[in-house]
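Below: the structure, in structure tokens.
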Amino acid sequence: MDPVEIARWQFGITTVYHFWMVPLTLGLGPVVAFMQTMWVRTGHERWLRMTKFWGKLYLINFILGVATGLVQEFQFGMAWSEYSRFVGDVFGAPLAMEGLLAFFFESTFLGLWIFGWNRLPKKLHLATLWIAVAGSVVSAYFIIVANSWMQHPVGVELVDGRPVMTDIWAVLTNNTALAAFSHAIFGALGVGGGFLLGIAWYQLWQRRRDGIDTVDAARRVVVGENRAIPGRDRADHDVWIRSLRVGALVAVVAFGGVAVTGDVQGKLMFDQQPMKMAAAEGACESGTSFSVLSVGELGSGECEDIEGIIEIPGMLSFLAHSDFDTEIQGIKDLEPMYQELYGETLPVDPKYGEYSGAPIDYVPNLEITYWGFRLMIGFGGLAAFAAAVALWLTRRGTVPESAWIMRLAVLGILAPFAANSAGWIFTEMGRQPFVVAPNPNPSGTDGVFMFTAAAVSPGVSWGELLFSVICLTAVYAALLVVEVLLLVKYVRGGIASAMPELAHGDDDDTPSDEPGGDDRRSDVLAFAY
Amino acid sequence: MTEILPTLWFVAIGALWVGFLLLEGFDFGVGMHLLFSTRTPAERRLMLNTIGPVWDGNEVWLITAGAATFAAFPFWYASLFSALYLPLVFVLLGLIFRAVAIEYRGKGHTERWVRGWDRAIGLGSLVAAFGVGAALGLTTTGLPLDANGDRVGGAFAWFNGWAVLGGLAVVGFCLVHGAAFLALKTEGPVRERARRFVVRWAVPALAPLVVWVLAVQFDGGKLWTLLPLGVAVVALVAGWLGARAGREGRAFAGIATFLVAGALTLFGSVYPTVLPSTLDPAFDLTVFNASSGGYTLGVMSVVALIGLPLVLAYQAWTYWVFRKRLHADQIPGAHAVLPAVLQRKLAQAEK
């Protein structure tokens, strides 16, 4: 068993899993804060209901992001101690800043928001949510600053072969970080928008199927109500149609942002990590064409097995340099360059373990980078297209009766998640065989790089790593099931699931299974665990 | 100026750990008390909600302590975390289960669901407290580290009496501290039972911590560390007397002071060593050979000078907002989440 492989699997599983929860937190947070702002400003019931309902789902998801974030923070030291020693002078700083300047805000003020209903003045209570949401955005920024330093090391100089920070400003304003951060935030908003869209669609469809809402001759919605079902009143329709349209709008705008920032990021990557972009293209030969479809055994990593089927001439040059005729270097040209700069074999040194003296393969896994890149763009584009269609289909105030479109809308929630995961897997796998990628161009600090094979903890055995990867994966899987079941349960309950007062509404004989629940005191908590 | 920065950061990281033990300590304690202190679901719920608004913010002290160690003393962070791989896996699992359990327990309504998550809160707190205690214990007494700072001797090479003592010390402290917190934050039978717990169990539960502090003081203590040691003993006695007299505020303050002073003795005694090697004193990690460069420490100092006072201010404000004691009547009744569709069918059946 190879400790490097196991440690990489653990890091990958934890990170991909973490980044299912995080984009939903980042994408839903600002939307919920916007809803509560509208409630505070207009006093209209529908905004309160939206805040409560989406806020509930936000919290169910938030906690798993926190729980997996802990693993992220600890595993650098646990499984990657050589990495931590090498980069500690520069990499630890953004992580510590994240804790002190962002995560403290996020966690403390979210607690205030959850328990602050009816206790804090309205505006102050709203402010606690905005501060928590801002905390999560700033938190994402610092984490991406740390990650981007691994892609494009700046602000350091080499002292005894180890990078020592000389310029924090350069680290914080790393162009890779600014591009990746804005890209990730837009990607997260796409997740939040799709989430709103799918769930609101389901609710509107439910109202039509239950005969509550109907359409007139002009196919405009006729809003009805059913008092027998808690929360299914006229305002309920308003909640869902607004949620749907807000969600769709956010998703469309987010995709625009993702495209623009992705373009910036791509251009930087052509410059900073040419091998990664060549791999994403499956581009063996240098050229100017963008591959739409390449076949052959990408997995073999052998250039001879790859054949471009559909290509757009000039497109690759356009993506990289905004013109149509600058030649982009392919793998065959890049490999000798990397070999010359960084060696053909790993040094003979015990810290490389069984890889000591092994030949270096500078080409990342082509199958994953090539398809990861395309799946990212494909799922992102699909989600944006679906959101635009949804805006059109719902222009008369409700959704079509079709159960199939409803199922597609719900399934569509997954598309932005898939795009996010594919993008991260592409960019992290595309950095291999390095954990800190060297930048052949001079904008990164020259000579600062580290091979992944040298980064694991020398003292930790494969048995320990295997034990933890099995435990953590099992726990992640189980908790994911629990989270999804809870989300489904609260979605199916509609607004009343997040607002018990709607369920209690007319009939006061609703059983309360807590002693003392009925004789309500004036200071009873608005929320309790 | 640059020469003093590593020492200042040693103090800062000590402060972060103390902040963590002081705040998350009662969260862990309350969590563990869910396992055995009461049989009634309503009382368990009351207990849990004393930490409801604050536990998540308190947990960040641990995360920040870890991250600040990474930033300021990367060699300490790398050696400690990799050497203690297995215990830290359990700490992580404990923290994951506890966090999810607190959030999810009220979102289902069968007795099995609620009781199951309550147990997860209790066991998660217990495991995390023990693991963190073992790690801190070994930080003061040493690990088998080679010249590179890597653990020698396999997956369980860290295991020894000091690990157990440190684990028991933190678990015992959390139990007493959590009880003192419950006595301060509740009314009714929970308050009275918690106060009695402090009176009856403070001495045996805090004994491991006292033994650990005394051992470290005896081994490498300095003259001045005798002063906080004395303060710790006085504070403990005062806290215990306070609990006996029914003065919960004094009891809580006494136990908290005991921790701060005890930690001061611990950190003061080991300084300047941050992680001794049991193989060769030449391999010891110290404040000076494990720290980041002067520039990084300077940057981090500025960040800490801005960040820490802010954190202290708004966390203090949070405690002020939720300062009132809780009583059982204040906890809203659990409400069942029913699918809107099922309700429709029921309504039709009634017609």
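Sequence lines, in order, name chains A and B. For the first sequence, the positions run 0 to 528 when numbering that gives the first Met the number 0 is used. For the second sequence, the positions run 0 to 350 when numbering that gives the first Met the number 0 is used. Built from N, CA and C at the ideal position, the CB exists for glycine as well. Given the structure is predicted, the values throughout are model-derived calculations rather than measurements.
Using 8 Å as the limit for Cβ to Cβ distance, is residue i near chain B?
i               : result
M77 of chain A  : yes
C283 of chain A : no
F18 of chain A  : no
V15 of chain A  : no
R373 of chain A : no
Q35 of chain A  : no
W164 of chain A : First, the amino acid is wrong: residue 164 of chain A is Met here, not Trp. Interface residue, yes.
V252 of chain A : no
Q205 of chain A : yes
F73 of chain A  : yes
Y201 of chain A : no
M96 of chain A  : yes
D232 of chain A : no
Please confirm whether residue i has its beta-carbon closer than 8 Å to some beta-carbon of chain A.
i               : result
R44 of chain B  : yes
A361 of chain B : Within the shown structure, residues of chain B are numbered from 0 to 350, placing residue 361 of chain B beyond reach of any answer.
F74 of chain B  : yes
E58 of chain B  : yes
S276 of chain B : no
T317 of chain B : yes
S124 of chain B : no
H334 of chain B : yes
D55 of chain B  : yes
R376 of chain B : The displayed coordinates of chain B run from 0 to 350. Any statement about residue 376 of chain B would go beyond what the structure contains.
V131 of chain B : no
Going straight from the alpha carbon of residue i to that of residue j, what length do you get?
i               : j               : result
G379 of chain A : G28 of chain A  : 20 Å
P349 of chain A : F425 of chain A : 30 Å
V270 of chain A : G411 of chain A : The residue you asked about is not Val; residue 270 of chain A is Asp in the sequence shown. If you take the alpha carbons of D270 of chain A and G411 of chain A, they lie about 34 Å apart.
D507 of chain A : I494 of chain A : With a pLDDT of 43 at D507 of chain A, under the threshold of 50, the predicted position of this residue should be treated as unreliable, and no value is reported.
E463 of chain A : R7 of chain A   : 14 Å
S532 of chain A : G371 of chain A : In the structure displayed, chain A extends from 0 to 528; residue 532 of chain A sits before or after that span and is not available.
A71 of chain B  : G219 of chain B : 24 Å
R84 of chain A  : F69 of chain B  : 9 Å
R406 of chain A : F194 of chain A : 13 Å
E42 of chain B  : I240 of chain A : 42 Å
Q71 of chain A  : F10 of chain A  : 8 Å
V434 of chain A : F450 of chain A : 6 Å
E110 of chain B : A82 of chain B  : 41 Å
R233 of chain A : D324 of chain A : 59 Å
A421 of chain A : W53 of chain A  : 26 Å
V132 of chain A : M274 of chain A : 37 Å
Q329 of chain B : G107 of chain B : 20 Å
N590 of chain A : V209 of chain B : As displayed, chain A neither begins before 0 nor continues past 528, which places residue 590 of chain A out of reach and without an answer.
E284 of chain A : N438 of chain A : 21 Å
Within the same chain, show all residues whose beta-carbon is closer than 6 Å to that of residue i, passing over the 5 residues directly before and after it, in chain order.
i               : result
A37 of chain A  : According to the sequence displayed, residue 37 of chain A carries Met and not Ala. Hits under 6 Å: W46.
V3 of chain A   : A452, V455
E247 of chain B : A182, L183
T213 of chain A : V221
Tell me which same chain residues have a C-beta within less than 8 Å of the C-beta of residue i, skipping the five on either side of it?
i               : result
R219 of chain A : R395, G396
W200 of chain B : L174, V175, A178
V273 of chain B : F9, F72, W75, T138, L284, T285, V286, A289
R244 of chain A : L390, T393
Return the chain-ordered list of same chain residues with a C-beta closer than 7 Å to the C-beta of residue i, the five sequence neighbours on each side being excluded.
i               : result
I143 of chain A : A176, A179, F180, A183
L25 of chain A  : S135, V136, A139, I184, A187
In chain order, which continuous runs of the beta strand (DSSP E) of length 3 or greater are located wholly inside the region 130-177 of chain A?
-> 155-158, 161-164
Would you mind listing the alpha helix (DSSP H) stretches within the region 336-420 of chain A that are 4+ residues and don't spill past its ends, in chain order?
-> 365-392, 402-410
Touching or not, the region 224-232 of chain B and the region 263-274 of chain B, by the rule of three or more beta carbon pairs under 8 Å?
-> yes
Can you list, in chain order, the stretches of the alpha helix (DSSP H) that have 4 or more residues and sit fully within the region 64-111 of chain B?
-> 73-82, 84-103
Segment contact flag, the region 59-68 of chain B with the region 93-104 of chain A, C-beta cutoff 8 Å, min 3 pairs | Contact between the region 59-68 of chain B and the region 93-104 of chain A is present: three or more C-beta pairs spanning the two stretches fall below 8 Å.
Which runs of the beta strand (DSSP E) fall wholly inside the region 262-338 of chain B and span at least 3 residues, in chain order?
-> 272-274
Is it true that the region 11-27 of chain B meets the region 111-130 of chain B, where meeting means three or more beta-carbon pairs spaced less than 8 Å apart?
-> yes
Counting only runs of 4+ residues fully inside the region 190-276 of chain B, write out the alpha helix (DSSP H) ranges in chain order.
-> 225-243, 247-269
contact_flag[the region 465-483 of chain A, the region 355-374 of chain A] where n(CB pairs < 8 Å) is 3 or more = no
Counting pairs of Cβ atoms below 8 Å between the region 70-86 of chain A and the region 106-121 of chain A, do you hit three or more?
-> Here the region 70-86 of chain A makes no contact with the region 106-121 of chain A; the two share fewer than three CB pairs at distances below 8 Å.
At 4 residues or longer, and completely inside the region 85-126 of chain A: list those alpha helix (DSSP H) runs for me, N to C.
-> The region 85-126 of chain A contains these whole alpha helix (DSSP H) runs: 103-115.
Can you list the alpha helix (DSSP H) stretches of 4 or more residues lying completely in the region 244-294 of chain A, in chain order?
-> 273-280
For the 8 Å Cβ check, are there 3 or more pairs between the region 291-302 of chain B and the region 82-91 of chain B?
-> Contact fails: fewer than three Cβ-Cβ distances are below 8 Å.
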